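In the numbering used here, the protein residues as written are 6 to 278.
A virtual CB, placed ideally from N, CA and C, is assigned to each residue, including glycine.
Just so it is clear, the structure is predicted and the values come from calculations on it, not from any experiment.
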């Protein structure tokens, strides 16, 4: 992985830069022991100071993804040396459950993206359409994982819900666990994992349907669907949490935004309806 040092790391040691990016100790140790780090094409160590425009090369750490190629193109909305933002179609899983599967988004991504390493930073439910962030290097993956955990990556969704009035802006903070009566469902449960969904704004589409814009702090399975159903506004077309006859889930991940960890750049990608 090559990094052109941005101005925000001017004067820092390489180790300080990676610590500020919260690279885990294991990977930091591997880099510390590596003999393959170069700075401006000269052998270097993590103790070296960097300046804006310096060219830092980090070894791959011998990790590759094992997904079978689907020989199908993924729709790419953004791509650089470190990550890509791709569109997950409806009905396609984010990743395979076993290495023989060949019709998931990661199978399409390994065929499309110019890297031997492609791994999802987060996941989308199989029936959810929208943007998904994919790391192209194990170091980038670890850093993006930490950014997601620290809420430095904003994921915004749009959903159509059953409602007679627009929903008020609110925060839904309800733990979600497995539904012991249904193997494919989740439910609000005091013993579940904490799940936080923010309703940002809402407007009416017709007399029975509102469109809602939402942001996630956590990423539990079916989180938006469970939370909206729990407050009495299930997602239109939800086959698990809505009793309506329509069976086309009206939920999509439409915006991803964050400060680029390796550039002086703010990443903002939007997918319209």
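Around the CB of residue 246, 16 or more other CB atoms lie within 10 Å, so the residue is classed as buried.
DSSP lists 175, 219 as the beta-bridge partner residues of residue 204. Straight through space, the alpha carbons of residue 259 and residue 82 are spaced by roughly 11 angstroms.
Between residue 182 and residue 132 a beta carbon distance of about 20 angstroms is seen, past the 8 angstroms cut, so the two are scored as non-contacting. Contact annotation: the stretch 217-228 touches the stretch 161-178, with at least three C-beta pairs closer than 8 angstroms. Excluding five sequence positions before and after residue 269, the CB atoms of its chain that fall closer than 8 angstroms to its own CB belong to 11, 12, 13, given in chain order.
Distance from the CA atom of residue 210 to the CA atom of residue 49, rounded to whole angstroms, is 59 angstroms.
Of the residues assessed, residue 228 falls on the buried side of the cut-off, its CB having 16 or more other CB atoms within 10 angstroms. Our two residues, residue 129 and residue 99, have alpha carbons roughly 6 angstroms apart in a direct line.
In chain order, 215, 238 place their CB closer than 6 angstroms to the CB of residue 168, counting only its own chain and leaving out the 5 sequence neighbours on each side. In this structure, residue 18 lies away from residue 63, with their beta-carbon atoms at least 9 angstroms apart. Around the Cβ of residue 46, a 10 Å sphere holds fewer than 16 other Cβ atoms; the residue is exposed.
No residue range can be given for residue 87, since it is assigned to no beta strand (DSSP E) and is classified by DSSP as neither H nor E. Comparing C-alpha distances from residue 91 to each of 187, 194, 116 shows the shortest one belongs to 116.
Annotated as proximal: residue 15 and residue 57, with beta-carbon spacing under 9 angstroms. By a beta-carbon distance limit of 8 angstroms, residue 126 contacts residue 150. Their separation comes to about 6 angstroms. For the 9 angstroms CB-CB criterion, residue 206 and residue 244 do not form a contact. A check of alpha carbon separations from residue 109 across 212, 76, 204 identifies 76 as the nearest. Apart from sequence neighbours up to five positions away, the residues of its chain that approach residue 113 with a beta-carbon distance below 6 angstroms are 75, 77, 79, ordered along the chain.
Within the same chain, 111, 112, 115 come within 6 angstroms of residue 72 by CB-CB distance, once the 5 residues on both sides are set aside.
The bridge partners DSSP lists for residue 8 are 61. Taken in chain order, the complete beta strand (DSSP E) segments of 3 residues or longer contained in the stretch 241-275 are 256-264, 271-275. The beta carbon of residue 156 lies closer than 7 angstroms to those of 222 in the same chain, with the five residues before and after it left out. Non-local C-beta neighbours of residue 224 in its own chain, meaning closer than 6 angstroms and more than five positions away in sequence, comprise 127, ordered along the chain. One thing to note: residue 28 has its Cβ within 9 angstroms of the Cβ of residue 144.
The beta carbon of residue 203 sits closer than 6 angstroms to the beta carbons of 176, 220 from its chain, once the five residues preceding and following it are set aside; these are given in chain order. Between residue 274 and residue 264, the C-beta spacing is not below 9 angstroms. Beta-bridge partners assigned by DSSP to residue 164: 217, 256.
Cβ atoms of residue 240 and residue 256 come within 8 angstroms of each other, at about 5 angstroms.
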